[in-house]
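In structure tokens, the structure reads:
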């Protein structure tokens, strides 16, 4: 078996409200893939409800005339189906997968849907085919703990085959293990996903990959990395007051890219060359290979 997959033959269907009630009663730990996989049956029953996505979208548009609906949870790719809360360790979404010829793809571009873009995830998720012919994914595995996590780094990608997500099929994607390159479907398809969600704790990054070279091609930011612009702003407003904080972030923050952001902020606000050299040395002395590699590259750019 390439990855955890299951097809449950049942014609029983449930409403969205029934799904949420049953699923939350199960009290699954989404950080454990085997736990999440136990939700295959109830997710399959929701996928047998052929009208609820259409009904939600129609109601949202109708209510928008009176400003009663919130369509902010809808994008060209996804529709969030439940209220996300720090008290819950999951959220449910519908993902839309248009063909290359579909107007959604022409307007948004194929990159919006991550077609032919090998990448992993920093969360577990369970998915089921809901509508349309479904899509194929080329699957690889790798050892997350064997890489430091920088662009151009070699990694041992192992080809595992091609999987198809047809209507009623359930597949489990494991965080930091499964790498998939998704192929566009022949016509519009929809999947339903139960997503691992642990509020404010995920410091690990996800990566995009160059399959031919078996390398990391890009490091994708986590939610915590959106704080990086804040560092630059603080440095502009009051470097002296924040300097010790930036140094602490650069040394020990769980997100490597927050560390990079702290060094960038310190350099951008430095008033003389000696300070810049001191900050670069902080990066050079880091216990993180990622930060050391970035500092070398940055130092070369500014000719130090």
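Numbering (our numbering), first residue to last: 142 to 445. We put the CB at the ideal spot given by N, CA and C, even for glycine.
Could you check where the alpha helix (DSSP H) with residue i kicks off and where it finishes?
{"i": "residue 218", "result": "Premise fails: residue 218 is in no alpha helix (DSSP H) and is neither H nor E."}
{"i": "residue 247", "result": "244-249"}
{"i": "residue 449", "result": "Here the chain has residues from 142 to 445 only, and residue 449 is not among them."}
{"i": "residue 183", "result": "181-188"}
{"i": "residue 258", "result": "Here residue 258 belongs to no alpha helix (DSSP H), and DSSP marks it neither H nor E."}
{"i": "residue 160", "result": "157-167"}
{"i": "residue 241", "result": "Element bounds for residue 241: n/a, residue is neither H nor E."}
{"i": "residue 437", "result": "430-442"}
{"i": "residue 252", "result": "Premise fails: residue 252 is in no alpha helix (DSSP H) and is neither H nor E."}
{"i": "residue 153", "result": "Residue 153 -> no alpha helix (DSSP H), and no H or E assigned at all."}
{"i": "residue 410", "result": "First-last for residue 410: undefined, no H or E at that position."}
Could you tell me the alpha carbon to alpha carbon distance between residue i and residue j, rounded to whole angstroms?
{"i": "residue 189", "j": "residue 153", "result": "7 Å"}
{"i": "residue 196", "j": "residue 239", "result": "19 Å"}
{"i": "residue 164", "j": "residue 183", "result": "7 Å"}
{"i": "residue 224", "j": "residue 231", "result": "10 Å"}
{"i": "residue 246", "j": "residue 323", "result": "14 Å"}
{"i": "residue 301", "j": "residue 355", "result": "14 Å"}
{"i": "residue 375", "j": "residue 409", "result": "11 Å"}
{"i": "residue 142", "j": "residue 280", "result": "Residue placement at residue 142 is flagged as unreliable, the pLDDT there being 47, under the threshold of 50; the coordinate-derived value follows with that caveat. So the two alpha carbons sit approximately 11 Å from each other."}
{"i": "residue 336", "j": "residue 315", "result": "11 Å"}
{"i": "residue 433", "j": "residue 425", "result": "5 Å"}
{"i": "residue 248", "j": "residue 304", "result": "28 Å"}
{"i": "residue 271", "j": "residue 326", "result": "13 Å"}
{"i": "residue 378", "j": "residue 385", "result": "15 Å"}
{"i": "residue 147", "j": "residue 288", "result": "31 Å"}
{"i": "residue 439", "j": "residue 417", "result": "11 Å"}
{"i": "residue 427", "j": "residue 392", "result": "7 Å"}
{"i": "residue 229", "j": "residue 243", "result": "35 Å"}
{"i": "residue 389", "j": "residue 345", "result": "19 Å"}
{"i": "residue 339", "j": "residue 415", "result": "42 Å"}
{"i": "residue 332", "j": "residue 372", "result": "38 Å"}
{"i": "residue 307", "j": "residue 321", "result": "16 Å"}
{"i": "residue 318", "j": "residue 353", "result": "18 Å"}
{"i": "residue 219", "j": "residue 358", "result": "25 Å"}
{"i": "residue 382", "j": "residue 405", "result": "16 Å"}
{"i": "residue 172", "j": "residue 250", "result": "32 Å"}
{"i": "residue 162", "j": "residue 226", "result": "15 Å"}
{"i": "residue 437", "j": "residue 411", "result": "18 Å"}
{"i": "residue 151", "j": "residue 198", "result": "26 Å"}
{"i": "residue 429", "j": "residue 283", "result": "20 Å"}
Can you name, in chain order, every residue of its own chain whose Cβ lies under 6 Å from the Cβ of residue i, other than the five neighbours on each side?
{"i": "residue 213", "result": "Residue placement at residue 213 is poorly supported in this model, since its pLDDT is 49, which falls under 50; the coordinates still yield a value, given next. Around residue 213: no qualifying Cβ."}
{"i": "residue 347", "result": "261, 262, 263, 361"}
{"i": "residue 407", "result": "387, 420"}
{"i": "residue 277", "result": "303, 305, 324"}
{"i": "residue 435", "result": "401"}
{"i": "residue 285", "result": "317"}
{"i": "residue 351", "result": "358"}
Quick one: residues in its chain with C-beta nearer than 8 Å to the C-beta of residue i, no 5 flanking neighbours on either side, listed in chain order?
{"i": "residue 442", "result": "none"}
{"i": "residue 452", "result": "This structure cannot speak to residue 452, because the chain is shown only from 142 to 445."}
{"i": "residue 160", "result": "183, 184, 186, 187, 233"}
Which residues bound the beta strand (DSSP E) around residue i?
{"i": "residue 360", "result": "356-361"}
{"i": "residue 350", "result": "347-351"}
{"i": "residue 147", "result": "146-148"}
{"i": "residue 232", "result": "231-238"}
{"i": "residue 331", "result": "330-337"}
So, at 7 Å on beta carbons, what are the nonlocal neighbours of residue i in its own chain, with the 5 sequence-adjacent residues on each side left out?
{"i": "residue 328", "result": "240, 273, 274"}
{"i": "residue 178", "result": "145, 267, 313"}
{"i": "residue 222", "result": "157, 233, 234, 235"}
{"i": "residue 431", "result": "289, 290, 291, 397"}
{"i": "residue 176", "result": "169, 170"}
{"i": "residue 193", "result": "156, 157"}
- Task: Pick out the complete alpha helix (DSSP H) segments inside the region 265-324, 4 residues or longer, and give them in chain order.
- Result: Taking only runs of at least 4 residues, no alpha helix (DSSP H) segment lies wholly in the region 265-324.
- Query: Can we say the region 383-402 touches the region 256-273, given the rule of at least three CB pairs closer than 8 Å?
  - Reply: No, because fewer than three Cβ pairs between the region 383-402 and the region 256-273 fall closer than 8 Å, the two stretches do not touch.
- Pair every Cβ in the region 248-256 with every Cβ in the region 283-299, then say whether three or more of these pairs are closer than 8 Å. Contact check between the region 248-256 and the region 283-299: fewer than three CB pairs, one atom from each, fall below 8 Å, which does not count as touching.
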